[in-house]
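Just so you know, the protein sequences line up as chains G and W, in that order.
For what it's worth, our numbering labels the leading residue of the first sequence as 31, then goes sequentially.
For what it's worth, our numbering labels the leading residue of the second sequence as 1342, then goes sequentially.
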Amino acid sequence: MSDDLVTLKDISRIYEKGKEKVEVLHQLNLTIKQGDFLALMGPSGSGKTTLLNLLGGLDKPTSGSVEIGGEKLHLMSSSALSRWRARHVGFIFQFYNLLPVLTAQKNVELPLLLTSLNGKERAKRAATALAIVGLEDRAKHYPRELSGGQEQRVAIARAIVSDPTLLLCDEPTGDLDRETADEILNLLQALNREHNKTIIMVTHDAQAAEYARHTLHMDKGTLVVEASA
Amino acid sequence: MKYFYLVWKSLWRKKIRTILTILSVFVAFLLFGLLNALNQAFGGATDLANAQRLITLDKISIINSLPSAYLTRIESVPGVRRVAHASWFGGYYQDPRNQFAQFPVDPERYLDVYPELTIPDEQRNEWTRKRDSVIVGRALAEQYGWSVGDRIPIYSSIWTNRNGGQVWDFEIAGIFDNDDPRSNTLFMLINYDYFDEGRAFGQGSMGWFILSIDSAANSAEVADAVDTLFANSPNQTKTSTEAAFAESFIGQYGNIALIITLILTAVFFTILLVAGNTMAQSVRERISELAVLKTLGFEDRAVLAIVLAESSLVMFVGGLLGLGTATLLINVILAGNIPLPGIYIDARAILTGLLYMALAGLAAGIFPAIRAMRLTIVDALSRA
Chain G
31 MSDDLVTLKD ISRIYEKGKE KVEVLHQLNL TIKQGDFLAL MGPSGSGKTT LLNLLGGLDK
91 PTSGSVEIGG EKLHLMSSSA LSRWRARHVG FIFQFYNLLP VLTAQKNVEL PLLLTSLNGK
151 ERAKRAATAL AIVGLEDRAK HYPRELSGGQ EQRVAIARAI VSDPTLLLCD EPTGDLDRET
211 ADEILNLLQA LNREHNKTII MVTHDAQAAE YARHTLHMDK GTLVVEASA
Chain W
1342 MKYFYLVWKS LWRKKIRTIL TILSVFVAFL LFGLLNALNQ AFGGATDLAN AQRLITLDKI
1402 SIINSLPSAY LTRIESVPGV RRVAHASWFG GYYQDPRNQF AQFPVDPERY LDVYPELTIP
1462 DEQRNEWTRK RDSVIVGRAL AEQYGWSVGD RIPIYSSIWT NRNGGQVWDF EIAGIFDNDD
1522 PRSNTLFMLI NYDYFDEGRA FGQGSMGWFI LSIDSAANSA EVADAVDTLF ANSPNQTKTS
1582 TEAAFAESFI GQYGNIALII TLILTAVFFT ILLVAGNTMA QSVRERISEL AVLKTLGFED
1642 RAVLAIVLAE SSLVMFVGGL LGLGTATLLI NVILAGNIPL PGIYIDARAI LTGLLYMALA
1702 GLAAGIFPAI RAMRLTIVDA LSRA
């Protein structure tokens, strides 16, 4: 049995801007194994984020197929994709995207609202996730009371709290200083190595990419070269 | 319910804006409650009317008195069980601002026809026995601090007494209550015999007659029979049910229900604009947050429900506070002290208010909610 988690076949993504058609991804093929930590690099406009959106079920390809964990994302309805994301994907954004009105604990609990867990169980799991990222003592703090690095840790806790198959990170260290960025990358690396999370990370930062097991370079909507860390 | 915390916290994202919006909803539903009570008092006076009572007035105008001889003649009409009479005294206590209703009546007849007025027997007997005595309603007695045995001067702007003065001196023989909580007891009943003998003019006349009849089903026939009886007399009469009398009396003030409806329509329309604008702003400011919720797996309909729940919550918090305050004011704090019978916020008004809150919440939130539901994650995140 194959241990491929992600299989993309002949993926194209074309956006229409008025009368103009822009092909962001062109006939892209890719497989990613379970437990991999993949860095996606490339210049702006090369299609990295578009690829990440397709992998996360946030967007659908114009043509081609996206199969993750045996499920065909390109054939799913919007509601089915929502449910699939809730079960299988954790997202980490460059600007953290925490809800400012909720404490760290409640932000982490958000994905669990979509499960059948009761309030007590949700709180317990969120506390565990916060402990994994080293922020158990910041549970009652609001995002405005946290540093950038701490906010990103909370975002990581939110991403892992429902124990997803796949972690998708879009420039997770893009807004952080070097030292804090390294802390976050070490955390992601630990999640990959110790918890066997499959991580796909879009980054412009070559040093960040060194934390990944593999690096893929993209240019003009296609994969250019593959390098191993 | 598990989204309630999220909805509640989102509501307080901009505290001042939310408080101002809730305050405007509060004022709208306070007005709704108060105006509804007023409408109830005017329109609802007919609800308080007894179907087995008829009122006979002068056909031309209520200010024209009728001869006292009519009383026994009316009582002889088949179907009439008992007849009472009343007149308008038009007085005030100490200061012209202290206006309240006073009616010279025959004690026995009046209390027979209005069995809902209750008074201890010894006080009733004292009133009947002592000619210069009066009985006062409980609310009136409480308003002026009167007790049984007090002597009170009442200035009548209509009736000069035989001494040439306008001030009439009465002793309070009793305090009566009304069984119906919607009714007020802000009036005084004067012994007619004392009044009739004491007035300088108009002896032997009565303001109107109140007929207690055997069956409400015969009211039209009895009314016709009474009016036919006096058809060729100098003082022709007009007899109607107590409800019709109340309606025509209220009609003098204009179409109160329409005026109230127009005011409330304007108020609610404004509230919809205010709350709708608040919700639209709130959603606009949270595009990226809503996109994050969708990214985490919240379905479109869940996002729709969250925004609608927010606008409904604003309406229910403000609305319940407003309607609750109005109910507390009308039904508890001012109960019985408003000189208008039947002023009351009933269960129907509260249910209507709740329905309006739900509808207003839906109307104010539906467009922002649809916008939130239709958000495309990729577009929303790229705009953030």
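Glycine included, C-beta positions come from ideal geometry on N, C-alpha and C.
It should be emphasised that the depicted structure is a prediction, and the values quoted were computed from it without experimental measurement.
Asked                                                                                                                                                                                         : Found
Could you run through the segment 156-179 of chain G and flag, in chain order, every residue whose CB is less than 8 angstroms away from some CB of chain W?                                  : none
Which residues of chain G have a Cβ atom closer than 7 angstroms to the Cβ of G1638/W, listed in chain order?                                                                                 : S112, R113, R115, A116, P141 and L144
Counting only Cβ-Cβ distances shorter than 7 angstroms, please list the residues of the segment 60-94 of chain G near chain W, keeping chain order.                                           : N83, L88 and D89
Going by Cα to Cα distance, which pick from L1634/W, P1419/W and V1477/W is closest to Y1434/W?                                                                                               : V1477/W
Would you check if there are 3 or more beta carbon pairs closer than 8 angstroms linking the segment 50-64 of chain G to the segment 101-110 of chain G?                                      : no
What does DSSP give as the partner residues of Y45/G in its beta bridges?                                                                                                                     : V52/G
According to DSSP, is K1635/W helix, strand or coil?                                                                                                                                          : helix
Would the beta-carbon of A1378/W fall within 8 angstroms of that of I1601/W?                                                                                                                  : no
To which residues of the same chain is M31/G closer than 8 angstroms at the C-beta, ignoring the five residues directly before and after it?                                                  : Below a pLDDT of 50, predicted positions are generally treated as unreliable, and M31/G, at 47, falls in that range; the measurement from the model is reported next regardless. Excluding sequence neighbours, M31/G sits near nothing in its chain.
Quick check for students: name the residue ranges of the alpha helix (DSSP H) that lie wholly in the segment 1669-1721 of chain W, counting only runs of 4 or more.                           : 1688-1714
Skipping 5 residues on each side, what residues in its chain have a beta carbon closer than 6 angstroms to that of I41/G?                                                                     : L55, L58, P91 and G94
What is the DSSP secondary structure of A259/G, counted as helix, strand or coil?                                                                                                             : With a pLDDT of 47 at A259/G, under the threshold of 50, the predicted position of this residue should be treated as unreliable, though the coordinate-derived value follows. Three-state result, A259/G: coil.
Spatial neighbours of A1442/W within its chain, please: CB distance less than 6 angstroms, with the 5 preceding and 5 following residues excluded, ordered by chain position.                 : F1528
Once the 5 residues before and after D1491/W are set aside, which same chain residues still bring their CB inside 6 angstroms of it?                                                          : I1513
With distance defined between alpha-carbon atoms, name the residue in V1644/W, L1634/W and F1571/W nearest to Q1407/W.                                                                        : Just to set this straight, residue 1407/W is Leu in the shown sequence, not Gln. Of the listed residues, the one whose Cα sits closest to L1407/W is F1571/W.
Considering just the uninterrupted stretch of the beta strand (DSSP E) at E97/G, what are its terminal residues?                                                                              : S93 to I98
What in chain W is Cβ-close to V131/G, meaning under 8 angstroms?                                                                                                                             : K1350, S1351, W1353 and R1354
Are L35/G and T252/G touching if we call contact CB-CB under 8 angstroms?                                                                                                                     : no
Please name the residue or residues paired with Y1451/W in a DSSP beta bridge.                                                                                                                : BP columns for Y1451/W are empty, so no partner.
For N1519/W, is the classification buried or exposed, using 16 other Cβ atoms within 10 angstroms of its Cβ as the cut-off for buried?                                                        : buried
Pull the bridge partners of H1426/W from the DSSP assignment, please.                                                                                                                         : F1550/W
Pop quiz: R243/G and V191/G are said to be a contact at Cβ under 8 angstroms. What is the actual Cβ separation, rounded to whole angstroms?                                                   : Contact doesn't hold; Cβ gap of about 24 angstroms is too wide.
Can you tell me whether A183/G is helix, strand or coil according to DSSP?                                                                                                                    : A small fix is needed here, since residue 183/G is Arg in this sequence, not Ala. Three-state DSSP puts R183/G in a helix.
When you compare only the Cα positions, how much space is there between W1429/W and I1403/W?                                                                                                  : 10 angstroms
Could you tell me whether any Cβ in chain G is nearer than 8 angstroms to the Cβ of D1718/W?                                                                                                  : First, the amino acid is wrong: residue 1718/W is Ile here, not Asp. Taking Cβ atoms only, chain G reaches closer than 8 angstroms to I1718/W, which makes this a yes.
Just to confirm my understanding: we take A259/G, look at its own chain, exclude 5 residues before and 5 after, and list those with CB closer than 7 angstroms. What are they?                : Annotation note: pLDDT 47 at A259/G (below 50); position unreliable, coordinate value reported separately. Closer than 7 angstroms at the Cβ level, and outside the excluded window around A259/G, lie E240, A242, R243, H244 and T245.
Is I1396/W near F1586/W, with beta carbons less than 8 angstroms apart?                                                                                                                       : yes
Should the segment 1656-1667 of chain W be regarded as contacting the segment 134-149 of chain G, the criterion being three or more beta carbon pairs within less than 8 angstroms?           : no
Mind checking who F1370/W pairs with in its DSSP beta bridge?                                                                                                                                 : Looking at the DSSP assignment, F1370/W forms no beta bridge with any residue, so it has no partner.
Could you name the residues of the same chain whose beta carbon sits closer than 7 angstroms to that of W1353/W, not counting the 5 residues immediately before and after it, in chain order? : T1359
From V1655/W to T1362/W, what distance separates their C-alpha atoms?                                                                                                                         : 7 angstroms
Would you tell me roughly how many angstroms separate the C-alpha atoms of D1399/W and L1614/W, rounded to the nearest one?                                                                   : 51 angstroms
For H225/G, count neighbouring Cβ atoms within 10 angstroms of its own Cβ and tell me buried if that reaches 16, exposed if not.                                                              : exposed
Looking only at DSSP bridge pairs, what is Y1433/W linked to?                                                                                                                                 : Q1440/W and Y1496/W
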